[in-house]
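The numbering of the sequence shown is the numbering used here, which starts it at 879 and goes up by one.
Where is the CB? At the ideal position from N, CA and C, for every residue including glycine.
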Amino acid sequence: MISKKGGVGKTTSAVNLAAAFAERGRRTLVVDLDPQASASLSLGLRRGDLIPSAADLLLRRKRLGEVVRATSVPGLDLVTASIDLASLESELGFQSSEEMRLAGLLRGPQLSGYDLVFIDCPPSFTLLSRNAITAADGFVVPVVPHFLAVEGLR
(Lines of atoms letter the chains of each structure in order from A and count residues from 1; the text may use other names and numbers.)
(Lines give C-alpha, C1' and ligand atoms only; values in the text may rest on other atoms or scores of the structure.)
Protein backbone atom coordinates (compact mmCIF):
# COMPACT_ATOMS: atom_id res chain seq x y z
CA MET A 1 0.00 0.00 0.00
CA ILE A 2 1.56 3.24 -1.09
CA SER A 3 0.53 6.87 -1.44
CA LYS A 4 2.15 10.21 -0.75
CA LYS A 5 -1.11 11.30 0.87
CA GLY A 6 -1.98 10.40 4.44
CA GLY A 7 -5.45 9.35 5.52
CA VAL A 8 -6.44 7.62 2.28
CA GLY A 9 -6.74 4.12 3.74
CA LYS A 10 -3.31 2.55 3.23
CA THR A 11 -3.07 1.05 6.70
CA THR A 12 -6.75 0.14 6.96
CA SER A 13 -6.61 -1.60 3.58
CA ALA A 14 -3.37 -3.44 4.32
CA VAL A 15 -4.47 -4.71 7.74
CA ASN A 16 -8.01 -5.67 6.71
CA LEU A 17 -6.98 -7.39 3.48
CA ALA A 18 -4.21 -9.27 5.29
CA ALA A 19 -6.62 -10.40 8.02
CA ALA A 20 -9.23 -11.46 5.47
CA PHE A 21 -6.72 -13.58 3.55
CA ALA A 22 -5.38 -15.10 6.77
CA GLU A 23 -8.90 -15.99 7.91
CA ARG A 24 -9.33 -17.82 4.61
CA GLY A 25 -6.28 -19.97 5.24
CA ARG A 26 -3.58 -17.96 3.45
CA ARG A 27 -0.33 -17.51 5.43
CA THR A 28 0.02 -13.74 5.43
CA LEU A 29 2.69 -11.29 6.56
CA VAL A 30 2.27 -7.55 7.16
CA VAL A 31 5.46 -5.48 7.02
CA ASP A 32 4.87 -2.10 8.67
CA LEU A 33 7.26 0.47 7.18
CA ASP A 34 5.52 3.57 8.51
CA PRO A 35 7.45 5.07 11.47
CA GLN A 36 4.04 5.98 12.97
CA ALA A 37 3.49 2.18 13.36
CA SER A 38 -0.24 2.39 12.64
CA ALA A 39 -0.47 -1.11 11.15
CA SER A 40 1.37 -2.54 14.16
CA LEU A 41 -0.93 -0.71 16.57
CA SER A 42 -3.99 -1.75 14.54
CA LEU A 43 -2.97 -5.37 14.96
CA GLY A 44 -2.98 -5.05 18.73
CA LEU A 45 0.56 -4.14 19.70
CA ARG A 46 1.34 -1.37 22.15
CA ARG A 47 4.02 1.27 21.53
CA GLY A 48 6.25 -0.38 24.13
CA ASP A 49 6.14 -3.69 22.23
CA LEU A 50 7.36 -2.52 18.81
CA ILE A 51 10.96 -3.73 19.17
CA PRO A 52 12.37 -5.64 17.32
CA SER A 53 11.03 -3.92 14.24
CA ALA A 54 11.56 -3.39 10.53
CA ALA A 55 14.33 -0.98 11.53
CA ASP A 56 16.27 -3.94 12.91
CA LEU A 57 15.73 -5.73 9.62
CA LEU A 58 16.80 -2.81 7.42
CA LEU A 59 19.39 -1.04 9.58
CA ARG A 60 20.81 -3.73 11.83
CA ARG A 61 20.76 -6.64 9.38
CA LYS A 62 18.66 -8.94 11.55
CA ARG A 63 17.07 -11.87 9.79
CA LEU A 64 13.36 -11.87 9.00
CA GLY A 65 12.75 -14.69 11.48
CA GLU A 66 14.20 -12.55 14.26
CA VAL A 67 11.69 -9.73 13.81
CA VAL A 68 8.48 -11.51 12.74
CA ARG A 69 5.84 -11.99 15.39
CA ALA A 70 2.43 -13.64 15.42
CA THR A 71 -0.72 -11.57 15.78
CA SER A 72 -4.07 -12.45 17.35
CA VAL A 73 -5.31 -13.43 13.88
CA PRO A 74 -4.30 -17.04 13.14
CA GLY A 75 -2.11 -17.19 10.04
CA LEU A 76 -1.26 -13.47 10.14
CA ASP A 77 2.25 -12.45 11.15
CA LEU A 78 3.72 -8.98 11.50
CA VAL A 79 7.01 -7.14 11.19
CA THR A 80 6.40 -4.07 13.34
CA ALA A 81 7.44 -0.51 12.62
CA SER A 82 9.14 1.80 15.09
CA ILE A 83 10.24 5.41 15.17
CA ASP A 84 13.77 4.16 14.32
CA LEU A 85 12.59 3.86 10.70
CA ALA A 86 12.48 7.66 10.49
CA SER A 87 16.30 7.73 10.50
CA LEU A 88 16.69 5.24 7.64
CA GLU A 89 17.70 7.76 4.99
CA SER A 90 20.16 9.55 7.24
CA GLU A 91 21.78 6.27 8.28
CA LEU A 92 21.86 4.62 4.85
CA GLY A 93 22.21 7.68 2.66
CA PHE A 94 20.47 8.26 -0.62
CA GLN A 95 22.31 5.64 -2.69
CA SER A 96 20.10 3.85 -5.18
CA SER A 97 21.60 0.52 -4.08
CA GLU A 98 19.85 0.95 -0.72
CA GLU A 99 16.48 0.81 -2.49
CA MET A 100 16.95 -2.95 -2.91
CA ARG A 101 17.65 -3.73 0.75
CA LEU A 102 14.12 -4.91 1.63
CA ALA A 103 13.81 -6.90 -1.60
CA GLY A 104 16.91 -8.87 -0.66
CA LEU A 105 15.56 -9.55 2.82
CA LEU A 106 12.13 -10.68 1.62
CA ARG A 107 13.40 -13.25 -0.87
CA GLY A 108 14.43 -16.82 -0.34
CA PRO A 109 13.53 -19.59 2.08
CA GLN A 110 12.75 -17.34 5.05
CA LEU A 111 9.69 -16.06 3.19
CA SER A 112 8.60 -19.42 1.81
CA GLY A 113 6.06 -19.92 4.59
CA TYR A 114 3.94 -17.01 3.36
CA ASP A 115 1.41 -16.88 0.56
CA LEU A 116 1.03 -13.08 0.69
CA VAL A 117 2.98 -10.12 2.04
CA PHE A 118 1.38 -6.70 2.56
CA ILE A 119 3.74 -3.75 3.03
CA ASP A 120 2.27 -0.65 4.67
CA CYS A 121 4.22 2.46 3.63
CA PRO A 122 4.52 5.93 5.14
CA PRO A 123 2.62 8.84 3.55
CA SER A 124 5.67 10.07 1.65
CA PHE A 125 7.94 8.89 -1.13
CA THR A 126 11.08 8.09 0.85
CA LEU A 127 13.70 5.38 0.86
CA LEU A 128 11.21 3.26 2.83
CA SER A 129 8.59 3.56 0.07
CA ARG A 130 11.15 2.91 -2.65
CA ASN A 131 12.27 -0.22 -0.79
CA ALA A 132 8.67 -1.42 -0.69
CA ILE A 133 8.21 -0.83 -4.42
CA THR A 134 11.36 -2.75 -5.34
CA ALA A 135 10.40 -5.63 -3.02
CA ALA A 136 6.83 -5.91 -4.30
CA ASP A 137 5.35 -7.86 -7.18
CA GLY A 138 2.66 -5.17 -7.37
CA PHE A 139 1.25 -2.33 -5.34
CA VAL A 140 -2.05 -0.70 -4.46
CA VAL A 141 -2.54 3.07 -4.29
CA PRO A 142 -5.68 3.75 -2.22
CA VAL A 143 -7.46 6.96 -3.18
CA VAL A 144 -10.51 8.61 -1.71
CA PRO A 145 -12.66 10.59 -4.16
CA HIS A 146 -11.28 13.97 -3.21
CA PHE A 147 -9.15 16.45 -5.16
CA LEU A 148 -6.21 16.43 -2.72
CA ALA A 149 -6.11 12.63 -2.56
CA VAL A 150 -5.98 12.42 -6.34
CA GLU A 151 -3.18 15.02 -6.31
CA GLY A 152 -1.23 12.59 -4.10
CA LEU A 153 -1.03 10.25 -7.09
CA ARG A 154 1.15 12.70 -8.99
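On the three-state DSSP scale, how would you describe residue i?
i: leucine 1005; result: helix
i: threonine 949; result: coil
i: phenylalanine 899; result: helix
i: isoleucine 929; result: coil
i: threonine 1012; result: helix
Can you give me the Cβ contacts of residue i inside the same chain, cut-off strictly under 7 Å, excluding the 5 residues immediately before and after it?
i: valine 893; result: Val908, Ala917, Ser920 and Leu921
Smallest Cα separation from residue i: which of the options?
i: alanine 915; options: Ser965, Asp998, Ala981 and Asp934; result: Asp998
i: serine 950; options: Leu923, Glu976 and Leu936; result: Leu923
i: glutamate 976; options: Leu937, Pro1020 and Pro1023; result: Leu937
i: glycine 926; options: Glu901, Ile961, Asp910 and Pro952; result: Ile961
In chain order, what residues of the same chain lie with their CB nearer than 8 Å to the CB of residue i, ignoring the 5 residues before and after it?
i: leucine 994; result: Ala896, Phe899, Arg904, Arg905, Thr906 and Leu907
For residue i, collect the residues of the same chain with a Cβ closer than 6 Å to its Cβ; drop the 5 residues on either side in sequence, then sort them by chain order.
i: aspartate 912; result: Ala959, Asp998 and Pro1000
i: lysine 940; result: Asp934
i: valine 945; result: Pro930, Asp934, Leu935 and Val957
Return the Cβ separation of residue i and residue j in integer angstroms, given the expectation that the two are a contact with Cβ distance under 8 Å.
i: leucine 970; j: alanine 1010; result: Contact doesn't hold; Cβ gap of about 15 Å is too wide.
i: leucine 963; j: leucine 1006; result: 6 Å
i: leucine 983; j: leucine 942; result: 6 Å
Would you call the segment 887-903 in contact with the segment 975-992, where contact means no fewer than 3 C-beta pairs closer than 8 Å? With a cut-off of 8 Å, the segment 975-992 and the segment 887-903 do not count as touching, because too few Cβ pairs lie within range.
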